[in-house]
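Order-wise, the sequence lines are chains X and V.
For the first sequence, the working numbering gives the first residue as 7, with consecutive numbering after it.
For the second sequence, the working numbering gives the first residue as 7, with consecutive numbering after it.
2 protein chains.
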Amino acid sequence: MLSKKTKYAIKALVILGKNMDQPPMQISRIAETERIPKKFLEQILLDLRNAGFLYSKKGAGGGYSLNRDPKEIFLVSIMRITDGPIAMVPCASLNFYHKCDECHQETTCGIRDVFVDVRDATLKILSETSIADIISREQSLIHP
Amino acid sequence: MLSKKTKYAIKALVILGKNMDQPPMQISRIAETERIPKKFLEQILLDLRNAGFLYSKKGAGGGYSLNRDPKEIFLVSIMRITDGPIAMVPCASLNFYHKCDECHQETTCGIRDVFVDVRDATLKILSETSIADIISREQSLIHP
DNA sequence: TTAATAACCGACTAAAATAGTTTACTCTAT
DNA sequence: ATAGAGTAAACTATTTTAGTCGGTTATTAA
Ligand code: FES
Ligand code: FES
Numbered sequence: 007m008l009s010k011k012t013k014y015a016i017k018a019l020v021i022l023g024k025n026m027d028q029p030p031m032q033i034s035r036i037a038e039t040e041r042i043p044k045k046f047l048e049q050i051l052l053d054l055r056n057a058g059f060l061y062s063k064k065g066a067g068g069g070y071s072l073n074r075d076p077k078e079i080f081l082v083s084i085m086r087i088t089d090g091p092i093a094m095v096p097c098a099s100l101n102f103y104h105k106c107d108e109c110h111q112e113t114t115c116g117i118r119d120v121f122v123d124v125r126d127a128t129l130k131i132l133s134e135t136s137i138a139d140i141i142s143r144e145q146s147l148i149h150p
Numbered sequence: 007m008l009s010k011k012t013k014y015a016i017k018a019l020v021i022l023g024k025n026m027d028q029p030p031m032q033i034s035r036i037a038e039t040e041r042i043p044k045k046f047l048e049q050i051l052l053d054l055r056n057a058g059f060l061y062s063k064k065g066a067g068g069g070y071s072l073n074r075d076p077k078e079i080f081l082v083s084i085m086r087i088t089d090g091p092i093a094m095v096p097c098a099s100l101n102f103y104h105k106c107d108e109c110h111q112e113t114t115c116g117i118r119d120v121f122v123d124v125r126d127a128t129l130k131i132l133s134e135t136s137i138a139d140i141i142s143r144e145q146s147l148i149h150p
């Protein structure tokens with residue numbers, strides 16, 4: 007299951023993606039419109055900022071805005087920041103690899119072999135889908 | 007991440023799949039060979055039995071064996087028993103659907119739209135891969 | 001028929017991950 | 001100066017996962 011953290015992150019980025027040409031938006035405003043606990047969202051946006059996705063400005067009139075084109079922010083990158091690995095077994099993870107403590111020898115593990123395929127299929131979609139894509143998918147769903 | 011429960015379930019079914027023509031195998035033997043906590047494995051095998059995948063026999067000389075062809079036991083069915091939903095968001099689950107409490111209207115949700123695609127890709131692999139496939143993949147990995 | 005074996009069952013506990021909250025600090029515009 | 005708004009670390013609560021415990025029931029073999 008996707009964590010709430012990841013879901014909130016995507017929602018925040020989508021809102022900021024629709025806010026591109028306007029002045030920065032405050033955490034409290036995002037939190038209110040999406041009904042996300044403010045302090046929790048604060049942590050999440052900070053992570054995204056430290057990862058380079060967001061620009062932030064302190065003080066009056068400050069807030070957050072996207073630091074790059076929403077077409078270039080892909081779900082896979084967000085999920086790696088908020089949830090960590092994409093793969094369902096640690097031994098199949100590209101960015102968070104570690105040995106499975108339950109399996110004796112990973113090179114001949116049939117489970118790993120299957121879940122590498124699952125990872126590839128998932129990764130293909132998540133690394134092709136951007137915040138801009140989510141926004142345009144929502145548009146298509148509203149006006150079919 | 008795949009739970010240990012699911013991983014243990016697959017491992018147990020693989021062992022039993024290799025044991026098809028022999029007398030039933032005891033929990034304790036499976037637990038020892040795969041280093042799975044016995045009492046935990048007991049629960050898991052019981053679930054698989056109640057779902058109709060295993061045959062069990064009590065008393066001396068008893069144990070567990072597969073109740074059907076390993077070619078007909080697919081990962082998707084096992085995972086649904088041990089972990090529940092395949093989809094990463096509840097609103098995209100076929101067998102364990104429920105509303106997302108974070109999203110206002112599911113019909114126009116862009117996140118859901120993407121994760122339905124992810125579910126389909128995952129589901130395709132998991133519903134095509136059987137215990138027999140895992141066994142033969144392991145053979146291929148051992149003798150390339 | 002009794003003892004041993006092995007699955008069955010429900011309730012309990014421990015540990016880890018997730019989802020937050022609290023408190024205090026720093027920067028910026030007015 | 002002061003109010004607005006992000007930064008940061010530490011703390012707490014809740015939920016999920018991963019087990020454990022103690023006893024019951026069915027089957028076989030001596
Ligand atoms: S080695 Fe990772 S699943 Fe077996
Ligand atoms: S409705 Fe389920 S992710 Fe939005």
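Think of the CB as a built atom: it goes at the ideal place given N, C-alpha and C, for glycine as much as any other residue.
Distance between residue j and residue i (C-alpha atoms, nearest Å)
| i | j | result |
| --- | --- | --- |
| X:I148 | X:I140 | 12 Å |
| X:K130 | V:C115 | 21 Å |
| X:V95 | X:R118 | 7 Å |
| V:N25 | V:A66 | 18 Å |
| V:V120 | V:E134 | 22 Å |
| V:T128 | X:K64 | 42 Å |
| X:Q49 | V:L8 | 27 Å |
| X:E40 | X:L132 | 23 Å |
| X:C97 | X:G68 | 43 Å |
| V:V122 | X:V122 | 20 Å |
| X:C106 | X:E112 | 8 Å |
| X:K10 | V:E108 | 8 Å |
| V:K77 | X:K77 | 43 Å |
Residues near residue i in its chain [Cβ-Cβ closer than 6 Å; skip 5 each side]
| i | result |
| --- | --- |
| V:F102 | G90, P91 |
| X:S62 | R55, Y70 |
| V:P150 | none |
Presumed contact (8 Å Cβ cut-off) between residue i and residue j, rounded CB distance
| i | j | result |
| --- | --- | --- |
| V:T12 | V:D53 | Wrong, their Cβ atoms sit about 11 Å apart, outside the cutoff. |
| V:I42 | V:Y14 | 5 Å |
Nearest neighbour of residue i, chosen from the options [CA to CA]
| i | options | result |
| --- | --- | --- |
| X:V124 | X:K77, X:A93, X:F80, X:L19 | X:A93 |
| V:I79 | V:C109, V:L22, V:M7, V:T39 | V:L22 |
| V:D75 | V:R143, V:D27, V:S146 | V:D27 |
| V:D126 | V:L100, V:T113, V:P30 | V:L100 |
| X:P30 | X:L72, X:G58, X:V20, X:K10 | X:L72 |
| X:H110 | V:G68, V:E144, V:G58, V:T113 | V:E144 |
| X:R86 | X:S142, X:A57, X:V20, X:S146 | X:A57 |
Cβ shell of residue i (< 8 Å), same chain only, five flanking positions each side left out
| i | result |
| --- | --- |
| V:I1 | What the structure shows of chain V is the stretch from 7 to 150, and residue 1 of chain V is not part of that stretch, so it cannot be assessed. |
| V:H104 | P96, C97 |
Same chain only: Cβ atoms within 7 Å of residue i, ignoring 5 sequence neighbours per side
| i | result |
| --- | --- |
| V:L47 | Y14, A18, I33, I36, A37 |
| V:K6 | Shown here, chain V extends from 7 to 150; a query on residue 6 of chain V therefore has no answer. |
| X:L51 | A18, I33, L60, Y70 |
| X:S146 | none |
| V:V20 | I137, I140, I141 |
Under 6 Å from any heavy atom of ligand 4, by CB: list those residues in chain order, please.
-> Absent from the structure shown: ligand 4. Ligands present: ligand 1 and ligand 2.
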